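Each protein sequence line maps, in turn, to chains A and B.
Every position in the first sequence, counted from 1, becomes a number in this note's numbering once 164 is added.
Every position in the second sequence, counted from 1, becomes a number in this note's numbering once 114 is added.
Every residue gets a Cβ at the ideal spot worked out from N, C-alpha and C, and that includes glycine.
Given the structure is predicted, the values throughout are model-derived calculations rather than measurements.
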Amino acid sequence: MSLRSQLLKGILDGCVLAVIEKELVYGYELSRKLQQVGLSDVSEGTIYPVLLRLQKNGLIRGVMKPSESGPNRKYYSLTTAGEEALKVISEEWKQVSVPINALLWKGEDLHESE
Amino acid sequence: MKANELIEQNNQKRELLTEENEMYYSKLLMYIRTKLSLSEQQSEEVLMEMLDHLLEGQDEGKSAREIFGDDPKGYADEIIEQLPTEEKRDMVKFLGQLSFNLMGWFLVIRGFTLLLFSIFVDVSDTVYILPTIIILGLIALSVSFGVKVILGLIHQSLFNEKSSEKKDMLKAGLYGAGSFAIILAANYFIREFGPSFEFPWTASLGSGGMLLLISWLMKRKVL
């Protein structure tokens with residue numbers, strides 16, 4: 165596995181939660197949104213084990229309902245526990261990413277550095 | 115949507131897949147379905163999501179391999195690891211439905227056999243309670259183990275290049291023949307003893323039909 169996909173794997177839960185927080189999505193939409201923001205390394209199928217795990221841990225819930233195009237789809241939304249978890253993950257990501265950016269980018273102008 | 119409706123829909127939607135995608139997806143499906151300990155409802159829901167995803171991807175020219183990766187077994191194992199196990203209550207329901215079904219067929223066949231034979235020869239319709247319980251117990255045991263053995267064989271061989279179909283067929287066949295022999299032997303050697311009652315073909319047919327109806331209703335989740 166490449167370094168990039170290993171890094172991604174660790175933070176994928178957070179990314180999935182972040183997309184779901186913005187709007188109600190079903191699996192295919194979710195994978196398209198992840199690719200749209202530039203996470204093209206995430207192979208589409210990987211979201212299903214993630215979705216199952218998040219459901220099992222009570223962070224998201226899925227409800228079957230008709231989609232715009234007609235057929236039933238399972239739409240996901242965050243639970244209160246999921247909102248909490250997303251806050252924690254974002255906070256921790258900030259704490260890790262800011263110093264790492266500073267270190268690896270060696271003072272190049274980054275919008276995060278203040 | 116209930117599991118049996120999802121299965122029905124899955125069967126219809128699978129026909130829309132290209133041959134290559136169908137091969138890939140069906141292996142995933144068999145691999146997950148033959149893992150009996152998993153929640154049926156949850157398994158069918160995620161299988162449906164994956165199928166919908168594959169169909170949408172297929173419209174955009176993507177293959178199952180591109181969507182789910184080059185390692186279908188590894189991928190399916192990841193899914194299985196995250197799926198919840200079946201709740202005890204549902205397991206009991208399933209086993210109950212299965213045993214009603216088996217008993218039902220047993221009684222219906224017995225009824226017809228008695229009716230047919232009584233035309234030509236004088237057959238006794240006396241049932242000895244204890245020996246009958248022993249034989250039925252043996253049948254139930256061998257059927258439930260048989261289901262486990264055969265599904266286990268399928269589960270193992272799906273992604274195993276080395277496993278030979280012939281060998282698996284032989285194993286399943288030997289199992290079937292073995293358990294059949296045991297049941298026949300038990301039938302032959304166990305003496306008629308203990309309390310007994312008359313159980314004519316009409317009653318056998320009637321009660322068997324009732325059990326089959328109950329089992330059918332349970333399967334449709336009416337009961």
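Cβ pair residue i, residue j closer than 8 Å
i, j, result
"residue 172 of chain B", "residue 197 of chain B", "no"
"residue 234 of chain A", "residue 211 of chain A", "no"
"residue 236 of chain A", "residue 230 of chain A", "yes"
"residue 311 of chain B", "residue 241 of chain B", "yes"
"residue 246 of chain A", "residue 203 of chain A", "no"
"residue 141 of chain B", "residue 194 of chain B", "no"
"residue 215 of chain A", "residue 240 of chain A", "yes"
"residue 225 of chain B", "residue 318 of chain B", "yes"
"residue 145 of chain B", "residue 273 of chain B", "yes"
"residue 278 of chain B", "residue 200 of chain B", "no"
"residue 229 of chain B", "residue 297 of chain B", "no"
Own chain partners of residue i with C-beta closer than 8 Å, once the 5 adjacent residues on each side are dropped
i, result
"residue 139 of chain B", "128, 131, 164, 165, 168, 178"
"residue 326 of chain B", "214, 215, 218, 219, 222"
"residue 290 of chain B", "260"
"residue 250 of chain B", "217, 220"
"residue 305 of chain B", "245"
"residue 211 of chain B", "329, 332, 333"
"residue 316 of chain B", "225"
Inter-residue CB distance, residue i and residue j (contact presumed, cutoff 8 Å)
i, j, result
"residue 181 of chain B", "residue 209 of chain A", "5 Å"
"residue 242 of chain A", "residue 185 of chain A", "5 Å"
"residue 299 of chain B", "residue 248 of chain B", "Incorrect: roughly 12 Å between the Cβ atoms, too far for contact."
Cα-Cα separation between residue i and residue j, rounded to whole angstroms
i, j, result
"residue 136 of chain B", "residue 154 of chain B", "21 Å"
"residue 243 of chain B", "residue 293 of chain B", "22 Å"
"residue 115 of chain B", "residue 194 of chain A", "22 Å"
"residue 201 of chain A", "residue 205 of chain B", "43 Å"
"residue 185 of chain B", "residue 191 of chain B", "10 Å"
"residue 219 of chain A", "residue 238 of chain B", "59 Å"
"residue 232 of chain A", "residue 265 of chain B", "39 Å"
"residue 170 of chain B", "residue 189 of chain A", "15 Å"
"residue 233 of chain B", "residue 156 of chain B", "52 Å"
"residue 332 of chain B", "residue 125 of chain B", "21 Å"
"residue 256 of chain B", "residue 183 of chain B", "39 Å"
"residue 286 of chain B", "residue 263 of chain B", "8 Å"
"residue 224 of chain A", "residue 248 of chain A", "11 Å"
"residue 343 of chain B", "residue 187 of chain B", "The displayed coordinates of chain B run from 115 to 337. Any statement about residue 343 of chain B would go beyond what the structure contains."
"residue 175 of chain B", "residue 166 of chain A", "26 Å"
"residue 133 of chain B", "residue 323 of chain B", "41 Å"
"residue 251 of chain A", "residue 228 of chain A", "27 Å"
"residue 264 of chain A", "residue 255 of chain A", "14 Å"
"residue 92 of chain B", "residue 260 of chain A", "Here chain B covers residues 115 to 337 and nothing more, so residue 92 of chain B does not appear."
"residue 254 of chain B", "residue 295 of chain B", "15 Å"
"residue 123 of chain B", "residue 284 of chain B", "34 Å"
"residue 213 of chain A", "residue 244 of chain A", "21 Å"
"residue 253 of chain A", "residue 262 of chain A", "14 Å"
"residue 313 of chain B", "residue 231 of chain B", "15 Å"
Beta-carbon proximity list for residue i, same chain, < 7 Å, skipping 5 on both sides
i, result
"residue 120 of chain B", "158, 159, 162"
"residue 257 of chain A", "175, 178"
"residue 282 of chain B", "267, 271"
"residue 205 of chain A", "168, 169, 172"
"residue 197 of chain A", "183, 189"
"residue 269 of chain B", "145, 148, 149"
"residue 278 of chain A", "Model confidence at residue 278 of chain A stands at a pLDDT of 44, short of 50, so the residue's coordinates are unreliable and nothing is read from them."
Counterpart residues of residue i in DSSP-defined beta bridges
i, result
"residue 226 of chain A", "A:240"
"residue 312 of chain B", "B:240"
"residue 152 of chain B", "B:199"
"residue 189 of chain A", "A:240"
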